[in-house]
Amino acid sequence: MDRRVVLRRLLGGMAGTALAMPPRTAHPPAGRLHDVERAVTRAQRAFSDGRYRDLAASLPALITAAETAAAHPSPGAHAQALLSRSYVLLCELAVKTAALGDATAAGERALAAARASGLAVPVAAAARARAVTLRKTGHADAAVTLLIDTATDLDTRRAGPWLTATRSGMLLTAAYTAAQAGSRGTALELAGQAEELAARAAAAPGAGGLITAGPAQCALYRIGIHTVLGEPGEAVHAVQGLRLGDFATPERRARYHTDTARMWHGLGEHHRAFAALLQIEAHSPEDARRPAVRALTARLVGSAARPAEERAFAARTGAAGA
Numbered sequence: 499m500d501r502r503v504v505l506r507r508l509l510g511g512m513a514g515t516a517l518a519m520p521p522r523t524a525h526p527p528a529g530r531l532h533d534v535e536r537a538v539t540r541a542q543r544a545f546s547d548g549r550y551r552d553l554a555a556s557l558p559a560l561i562t563a564a565e566t567a568a569a570h571p572s573p574g575a576h577a578q579a580l581l582s583r584s585y586v587l588l589c590e591l592a593v594k595t596a597a598l599g600d601a602t603a604a605g606e607r608a609l610a611a612a613r614a615s616g617l618a619v620p621v622a623a624a625a626r627a628r629a630v631t632l633r634k635t636g637h638a639d640a641a642v643t644l645l646i647d648t649a650t651d652l653d654t655r656r657a658g659p660w661l662t663a664t665r666s667g668m669l670l671t672a673a674y675t676a677a678q679a680g681s682r683g684t685a686l687e688l689a690g691q692a693e694e695l696a697a698r699a700a701a702a703p704g705a706g707g708l709i710t711a712g713p714a715q716c717a718l719y720r721i722g723i724h725t726v727l728g729e730p731g732e733a734v735h736a737v738q739g740l741r742l743g744d745f746a747t748p749e750r751r752a753r754y755h756t757d758t759a760r761m762w763h764g765l766g767e768h769h770r771a772f773a774a775l776l777q778i779e780a781h782s783p784e785d786a787r788r789p790a791v792r793a794l795t796a797r798l799v800g801s802a803a804r805p806a807e808e809r810a811f812a813a814r815t816g817a818a819g820a
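As structure tokens, then:
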């Protein structure tokens with residue numbers, strides 16, 4: 499499909515992407531690279547802060563400006579990388595709001611732009627975004643292959659801890675994807691490899707990148723992996739030693755509480771699961787209104803006999819009729 503058609507369709511559907519809230523009008527930044535870079539930084543901050551309505555409001559203008567910059571006869575690697583990052587953010591937002599068709603198209607566009615840049619970290623970030631859409635549309639094996647192949651291509655020996663941490667993050671995503679497909683051995687093997695890389699990267703200053711993984715992130719993924727595999731008791735071991743301060747952004751704290759809510763639900767610990775749901779709302783209110791979290795809330799608070807506090811939470815997050 500022509501990229502202009504894809505862009506037109508994606509931007510036309512943005513109003514329905516931000517948790518059923520209409521985006522505010524935004525003025526497009528100029529197509530100059532430094533303006534686009536600042537806009538990408540602001541958009542990334544909105545995502546990390548859990549401000550998905552603000553992100554949805556900014557993305558049409560951002561992607562238009564990034565496309566303009568990348569359409570230059572000699573756009574350069576940086577312009578393509580910024581375009582890729584813009585589409586990664588659109589993909590991540592669409593995944594959060596269960597708009598899988600938009601997520602798939604955005605992930606494909608992100609990966610194409612990243613590959614055009616020739617830069618390792620943008621390719622890794624885009625491949626991860628694309629892999630998530632593959633997993634969510636029933637293609638877990640293809641997702642794992644894409645993640646492992648991309649991680650293998652990263653030259654960790656030459657680039658040092660920066661790409662080592664990125665590779666660790668890729669393998670964590672691959673491990674969770676394998677767990678979702680029921681491949682326990684593969685999931686645990688990949689998680690172990692990711693933990694070894696994360697420990698190595700954390701030992702050196704300056705580790706980072708668009709996808710990173712330290713000990714806390716590895717433990718967070720362990721919670722999800724074991725819960726998905728039907729082993730919530732094993733997931734409890736991963737929770738031990740984790741502190742909320744290990745997660746720097748509201749979005750990551752919400753993910754931590756989402757995963758622990760699922761874990762406690764799997765163990766039949768209803769009150770602990772509901773307490774975790776309340777923490778999602780406390781740290782990132784818009785995350786509490788995501789379709790996946792609303793569905794979890796509906797499972798926990800599915801009876802009119804539940805306490806009033808639980809029914810009130812379900813009502814204000816839109817889960818009452820889920």
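If you're matching positions, the sequence shown starts at 499 in the numbering used here and goes up one per residue. Just so you know, even glycine gets a beta-carbon here, dropped at the ideal spot from N, CA and C. Quick caveat: nothing in here was measured; it's all calculated off a predicted structure.
Three-way DSSP call (helix, strand, coil) for residue i in this model
i	result
residue 570	coil
residue 520	Any answer about residue 520 is weak, because its pLDDT of 35 lies below 50 and its placement is not dependable; what the coordinates show is given next. Residue state, collapsed to three classes: coil.
residue 652	coil
residue 727	coil
residue 671	helix
residue 816	coil
residue 637	coil
residue 625	helix
residue 784	coil
residue 711	coil
residue 810	helix
residue 582	helix
residue 595	coil
residue 734	helix
residue 740	coil
residue 679	coil
residue 558	helix
residue 722	helix
residue 662	helix
residue 685	helix
residue 747	coil
residue 706	Here the model assigns residue 706 a pLDDT of 42, short of 50, so the residue's position is not dependable, and the following value carries that caveat. Of the three classes helix, strand and coil, the one that applies to residue 706 here is coil, per DSSP.
Terminal residues of the alpha helix (DSSP H) in which residue i lies
i	result
residue 605	598 to 615
residue 772	768 to 781
residue 531	531 to 546
residue 765	No alpha helix (DSSP H) contains residue 765, which DSSP labels as neither H nor E.
residue 795	789 to 798
Beta-carbon spacing of residue i, residue j below 9 Å
i	j	result
residue 821	residue 622	For residue 821 there is no data in the structure shown, the boundaries of the chain being 499 and 820.
residue 844	residue 612	The structure shown does not extend to residue 844, since the chain is modelled only from 499 through 820, so no value can be given for it.
residue 696	residue 712	yes
residue 628	residue 605	yes
residue 747	residue 775	no
residue 758	residue 787	no
residue 789	residue 596	yes
residue 677	residue 723	yes
residue 588	residue 561	yes
residue 578	residue 603	no
residue 600	residue 563	no
residue 668	residue 649	yes
residue 544	residue 553	yes
residue 727	residue 680	yes
residue 744	residue 714	yes
Contacts around residue i, its chain only, beta-carbon distance under 6 Å, and the 5 residues preceding and following it disregarded
i	result
residue 519	Residue placement at residue 519 is poorly supported in this model, since its pLDDT is 35, which falls under 50; the coordinates are not used for a value here.
residue 670	692, 711 and 719
residue 646	672
residue 594	788
residue 684	676
residue 806	none
residue 546	747 and 749
7 Å Cβ shell around residue i - same chain, five flanking residues per side excluded
i	result
residue 699	659, 662, 663, 666 and 705
residue 791	756, 778 and 785
residue 768	798
residue 760	725 and 794
residue 771	759, 762, 763 and 798
residue 535	580
residue 809	799
residue 575	615, 616 and 617
residue 721	733, 736, 737, 757, 758 and 761
residue 542	587
Chain B within 9 Å of residue i, Cβ atoms only
i	result
residue 577	Of the protein chains in this structure there is only one, and it is not chain B.
Contact set for residue i: own chain, Cβ-Cβ below 8 Å, skip 5 residues either direction
i	result
residue 618	651, 652, 653, 657, 661 and 664
residue 609	582, 621, 624, 625, 627 and 628
residue 686	673 and 723
residue 739	717
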